[in-house]
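Colleague: Quick one: this structure, given as structure tokens, is what I'll be asking you about.
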Amino acid sequence: MGVNLKAIGGFVLLSFLLFAVVLSESNDGLLRIGLKKVKFDKNNRIAARLDSQEALRASIRKYNLLGNLGESEDTDIVALKNYFDAQYYGEIGVGTPPQKFTVIFDTGSSNLWVPSTKCYLSVACYFHSKYNSGKSSSYKKNVLSRMFRSVGNMEMLHVNYLGKSAEIQYGSGSISGFFSIDAVEVGNLVVKDQEFIEATKEPSITFLVGKFDGILGLGFKEIAVGGAVPVWDNMIKQGLIKEPVFSFWLNRNADDEEGGEIVFGGMDPNHYKGKHTYVPVTQKGYWQFDMGDVIVGDKSTGYCAGGCAAIADSGTSLLAGPTAIITMINHAIGASGVVSQQCKAVVSQYGEVIMDLLLSEVQPKKICSQIGLCTFDGTRGISMGIQSVVDKGNDKSSGVLGDATCSACEMAVFWMRSQLQQNQTQDRVLDYANQLCERVPNPTGQSAVDCGSVLSMPTIAFTIGGKEFELAPEEYILKVGQGSAAQCISGFTALDIPPPRGPLWILGDVFMGRYHTVFDSGKLRVGFAEAA
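Under mature numbering (1 follows the signal peptide of the UniProt record, and there is no 0), residues -24 to -1, 1 to 508 are what the sequence shown spells out, in order.
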């Protein structure tokens, strides 16, 4: 969950898995952490529902070797735990001797944090392992400041030994605490003098019911809170791995004992088929790259034909994208949604005008400004954002309605254009836009689908590096429970990031479960290949 760390209705779980960790040494000399599954008490299903809702919201809002494995000292493997396709987490150790924690390995954030024994007032801390610096011989204080202050006629040195403070914002809350320094054990590797956060406040429900203790960020230093050097960077600097590459294999079968593996220093050829398609990192911070067109069934949507930014994020459970295209996808697969009155009003009042402008070959991005629902800044339409005289004195904007109307107009333009390109009649175009206005993704929860219709749903493909990466219905639909109690959820959720950073897609575990993913720090690139 990158913390941004990177944010939430929901899954109904009749039962779920709690895995115990068993260490084993494989015959290739690599340390593999085996996972054993244990049935969890059905009374915890309510907590599981809350957990998955909060985890999704936190993930979404956190954005305002090549070849064989090689020698054991160059490659490290950490097994991951599959929590019903919603969370993948593994075990690390902090301190000497190592104090064990389960963490989410999150490519969408860059800090390491675990709960602290100095966390007294957050209930979540009492349900998870806590780091005790007094029990570690390798612990070092992270001094915040040294300053002289006057006391009477004397100058006294004042030293703050608590450590510099830290806070990481989530969509539904935040964690806060202070930085400390200690050894961190990942698999059979020990990273020395790693700066990490001792969390002393965990107010979010995410941390109360989550199956993880903390988060280990695998993003770039540019987004690290407090300028802390990420664990991955220190692995490279300390010469613990041969190749600056790590890879994810996520097992989407929740019934299997193996949840997946993250391999540091390379990739396991048993985890993928064929060759990887690599694309360059376009902006350091997140593992961000350029993505092309999105295809529903055999039809191009045209939404990202001119290019969109995308992030490969192991900390996000679902696959998130702009509302306009996610609405089209969810409509195509029969997913439920909510009615947008602003959208229906735009289609009713301006639908025919929009079609006329499209047929007159007016640039789509200028249409909403021409009809007065947005302004055009030279590259895109933006909200009018008009401030009323009444609100001006209180510094309150009345542009919220304007934001919604502008967004609704731009969605309607996109939907109508896609239908006109398919030579649909004007009546069909208006009807289609109205249907989508009634199926806008619910911003507070997931979109349910009919489990009996999964096999008839279309494939959804994403163009990366000139290649189409398909997701079959059974891969993008999350099924929870069995028989008449089963519920099915769309793996697509809406996330709107405006230009210049957006439109932005977050390819989370739904995508990474189908495609083995390689993160190459040395060559600044991301690679995808079909998972084995």
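We put the beta carbon where it would ideally sit given N, CA and C, even for glycine.
As the structure is a prediction and not an experimental result, all values here were calculated from the model.
Unbroken beta strand (DSSP E) runs of length 3 or more, entirely within the segment 278 to 365: which are they?
Modeller: 284 to 288, 295 to 297, 350 to 352, 357 to 359
Colleague: Alpha carbons only, please: which of Met387, Lys106, Leu165 is nearest the one belonging to isoleucine 330?
Modeller: Met387
Colleague: Tell me whether leucine 431 is buried or exposed, calling it buried when 16 or more other Cβ atoms sit within 10 Å of its Cβ.
Modeller: It counts as exposed.
Colleague: Please tell me whether residue 509 and tyrosine 279 are closer than 8 angstroms, where the distance is taken between their beta carbons.
Modeller: Examination of residue 509 is not possible in this model, given that the chain is present from -24 through 508 alone.
Colleague: Going straight from the alpha carbon of alanine 204 to that of glycine 186, what length do you get?
Modeller: 25 angstroms
Colleague: Closest to alanine 424 by CA distance: which of Ile453, Gln397, Thr381 is it?
Modeller: Ile453
Colleague: Give me whichever residues DSSP pairs with methionine 267 in a beta bridge.
Modeller: Cys284
Colleague: Determine the closest residue to tyrosine 65 out of His247, Asp189, Thr381, with distance taken between C-alpha atoms.
Modeller: Asp189
Colleague: Taking all protein chains shown into account, decide if aspartate 332 is buried (16 or more other Cβ within 10 angstroms of its Cβ) or exposed.
Modeller: exposed
Colleague: At the level of alpha carbons, what is the spacing between arginine 404 and isoleucine 302?
Modeller: 20 angstroms
Colleague: Within the same chain, show all residues whose beta-carbon is closer than 8 angstroms to that of histidine 492, passing over the 5 residues directly before and after it, in chain order.
Modeller: Ser223, Phe224, Trp225, Met243, His247, Tyr248, His252, Phe504, Ala505, Glu506, Ala507, Ala508
Colleague: Buried or exposed: lysine 177, going by 16 or more other Cβ atoms within 10 Å of its Cβ?
Modeller: buried
Colleague: Taking only the alpha-carbon atoms, compute the straight-line gap between serine 497 and asparagine 210 and give it to the nearest angstrom.
Modeller: 12 angstroms
Colleague: Given this structure, state the Cα-to-Cα distance separating asparagine 108 from threonine 78, to the nearest angstrom.
Modeller: 16 angstroms
Colleague: To the nearest angstrom, how far is the alpha carbon of glutamate 337 from that of serine 276?
Modeller: CA-CA distance, glutamate 337 to serine 276, rounds to 19 angstroms.
Colleague: Quick one: using the 10 Å Cβ neighbour count with 16 as the cut-off for buried, is leucine 349 buried or exposed?
Modeller: buried
Colleague: Would you kindly report the start and end of the unbroken alpha helix (DSSP H) that includes alanine 409?
Modeller: 402 to 413
Colleague: From which residue to which residue does the alpha helix (DSSP H) around isoleucine 238 run?
Modeller: From DSSP, isoleucine 238 is part of no alpha helix (DSSP H) but of the beta strand (DSSP E) over 236 to 240.
Colleague: Would you say the segment 468 to 488 touches the segment 314 to 327, given that touching needs at least three Cβ pairs under 8 angstroms?
Modeller: no
Colleague: How far does the alpha helix (DSSP H) with glycine 190 in it reach, from first residue to last?
Modeller: Per DSSP, glycine 190 belongs to no alpha helix (DSSP H); it is in the beta strand (DSSP E), 190 to 193.
Colleague: The alpha helix (DSSP H) spanning isoleucine 217 covers which residue range?
Modeller: Neither: isoleucine 217 is in no alpha helix (DSSP H) and is coded neither H nor E.
Colleague: Determine the DSSP secondary structure at tyrosine 96, reduced to helix, strand or coil.
Modeller: Tyrosine 96 falls in the coil class under three-state DSSP.
Colleague: To the nearest angstrom, how far is it from the Cα of leucine 412 to the Cα of serine 152?
Modeller: One Cα belongs to leucine 412, the other to serine 152, and the distance between them is close to 41 angstroms.
Colleague: Does the beta-carbon distance from glycine 235 to valine 221 come in below 8 angstroms?
Modeller: no
Colleague: DSSP state of glycine 500, grouped into three classes?
Modeller: Note on residue identity: the sequence assigns leucine, not glycine, to residue 500. Reduced to three states, the DSSP call for leucine 500 is coil.
Colleague: Give me whichever residues DSSP pairs with isoleucine 440 in a beta bridge.
Modeller: Lys443
Colleague: Quick check: the Cα distance between isoleucine 473 and proline 479, rounded to an integer number of angstroms?
Modeller: Rounded to the nearest angstrom, the two C-alpha atoms are 6 angstroms apart.
Colleague: Quick check on valine 205: does DSSP put it in helix, strand or coil?
Modeller: coil
Colleague: Return helix, strand or coil for histidine 104, following the three-state DSSP convention.
Modeller: coil
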